[in-house]
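Its first residue numbered 0, the sequence shown is counted upward by one per residue in numbering that gives the first Met the number 0.
Heads up, the beta-carbon is just placed ideally off N, CA and C, and yes, glycines get one too.
Have a look at the structure below before the remarks.
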Amino acid sequence: MKKLLLISLLLCGCAAYQQRRDVKKLDALAIQQPAEFARLSNMLNPCFSGKAKSDTIITTHVDTLVKEGSITTVRIKDTVYVTKTLPARTINKTHTVTIHDTIPDNRGLKELSTELKVKSDSTLMIKTQMSKLQKDKNTWMWMAIGLMVLVVGFLAVKIYLMFWGGGIVKKLLVIILVFAGVNALGQQQVIKYPGYTAYYNPQTLIPDSVIWLCKPHTKVVGRENGFHATGGRPNLTQYYRKSGYDIGHNTDASDENGDKADEYNSFDFCNTYPQRPLLNRRVWLALEEQCRKLSQKYGSVKVKVSWRGASGKVGPITIPAICIKDVWYNGRHEHYEMPNCDTVIKHTYTYYLK
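Put into structure tokens, the structure is as follows:
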């Protein structure tokens, strides 16, 4: 028992130390190597822009002047070039610097210098990483708490048996303690509806993933229902108002409109997360329609929606940085990852197939 208690305390300490160490590393990298930090941010999210972008082209040419019978010195920055005596002629070259960025930056950074853009992207990168670190810290914390609950519970059983013994009471205590430990360790809620299964996370207030089977059907109900909450979960409508984000379906309502109850269930907040309007209403919608076409052709399509990264919050609701959709049909598997930003409309959904 003592060993288990020590292990649980060590887990808590290791989680806190790991977070502080990772944050210090991120801070040092952002300050010392901003260009490298911007390159890393590009890898995480195509919405970022900066000097280290892979599609940036920089060309430089230098003016040179040569005169007969003399030596001309041309100074450029800290480097000195000296020419030899040549016949009378003059060579003129133009000095050009071209920066071509194929991904426009819609965050108002176009008016800033390249250096400031790098710093801005580094800041966004830090926020994304910090969100992930916080999530990892919470996971370790709940695991440690769950382990401690089990340890304390088993100690209580031992004490009871030592002084009073017990038959039925002992079994009841064991069942209660195991149930309490499982609940402490497992934060995810599995919500099953006839039309889909949602793996809801009460910490982020959005599902970790949602899975369903898209089948051909006849539409029997229109888009009649508003978003709602069930099972004691919070109603999030107020946070979306004037937030700039749509309440994005995971299992889309059009896949569920063959039955009135299924269509109503698709508007449960456990089936939604924040999406930028141009993603939700354009590119994401196009992929949803493609899945329905595939179901007509092959009979059914298995679909899973998930996400990774966090770009911020709408009130207490986590905003996914990358929206993910996996599609299985006719022995094939397609994996799509779309950035949750307005520049996503630069490409069709097929561009985001990995």
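Query	Result
Top-ranked residue by Cα proximity to V220, from A260, M161, F268, V304	A260
Pick from N339, P206, K353 that is closest to Y244, judged by C-alpha positions	N339
Assigned secondary structure, L352 (DSSP; H/G/I helix, E/B strand, else coil)	strand
Check whether I318 and E336 have beta carbons under 8 Å apart	no
Cβ separation of T271 and N249, assumed to be a contact under 8 Å, to the nearest whole Å	7 Å
Of the listed residues Y297, Q274, I210, nearest to A309 (C-alpha basis)	Q274
Of the residues Y238, Y328, I344, the one placed nearest K312, counting alpha carbons only	Y238
Segments of 3+ residues assigned as beta strand (DSSP E) that fall wholly inside the stretch 235-287	245-248, 271-274
Inter-residue spacing [alpha-carbon to alpha-carbon] between F153 and L212	43 Å
Whole-angstrom C-beta distance between L293 and Y263, which should lie under 8 Å	25 Å between Cβ atoms; not a contact.
Separation of C290 from G314, as counted between CA atoms	32 Å
Proximity winner among K214, A228, L278, relative to K356 (alpha-carbon distances)	Nothing about residue 356 can be reported from this structure: the residues present for the chain run from 0 to 353 only.
Length of the line joining the Cα atoms of I158 and L352	59 Å
Where the beta strand (DSSP E) through K191 begins and ends	188-191
Assigned secondary structure, C322 (DSSP; H/G/I helix, E/B strand, else coil)	strand
Delimiting residues of the beta strand (DSSP E) encompassing K301	300-313
8 Å Cβ cutoff met for L235 and V343	no
Beta-carbon separation (whole angstroms), Y350 vs A285, contact threshold 8 Å	That belief does not hold up - the Cβ atoms of Y350 and A285 are roughly 11 Å apart, past 8 Å.
E287, buried or exposed, once every other Cβ within 10 Å from all chains shown has been counted against 16	buried
Chain-order list of residues whose beta-carbon lies under 7 Å from that of G194 (same chain, five-residue window excluded)	W211, T250, E255, D261, N264, S265
Terminal residues of the beta strand (DSSP E) in which N200 lies	196-200
Distance, H332 Cα to R222 Cα	30 Å
Closest by C-alpha distance to V304, when choosing among G230, K218, T196	T196
Residue closest to G230, alpha-carbon to alpha-carbon, out of P201, K218, H346, D341	P201
Same chain only: Cβ atoms within 6 Å of I246, ignoring 5 sequence neighbours per side	F226, Y239, T271
Nearest candidate by alpha-carbon position, reference P233, set C269, T217, S208, V209	C269
E223: first and last residue of the uninterrupted beta strand (DSSP E) it sits in	Unbroken run through E223: none, as it is neither H nor E.
Helix, strand or coil at R331 [DSSP, three-state]	strand
DSSP state of T229 mapped onto helix, strand, coil	coil
Extent of the continuous beta strand (DSSP E) to which P206 belongs	205-213
Minimum C-alpha distance to S242 - residue among I316, L204, V282, A143	I316
Exposed unless 16 or more other CB atoms sit within 10 angstroms - verdict on V209	buried
8 Å CB neighbourhood of R280 in its chain, flanking five on each side removed	D245
Through-space distance from Y199 to T217, alpha-carbon basis	29 Å
Of the listed residues V302, V150, R307, Q186, nearest to N137 (C-alpha basis)	Q186
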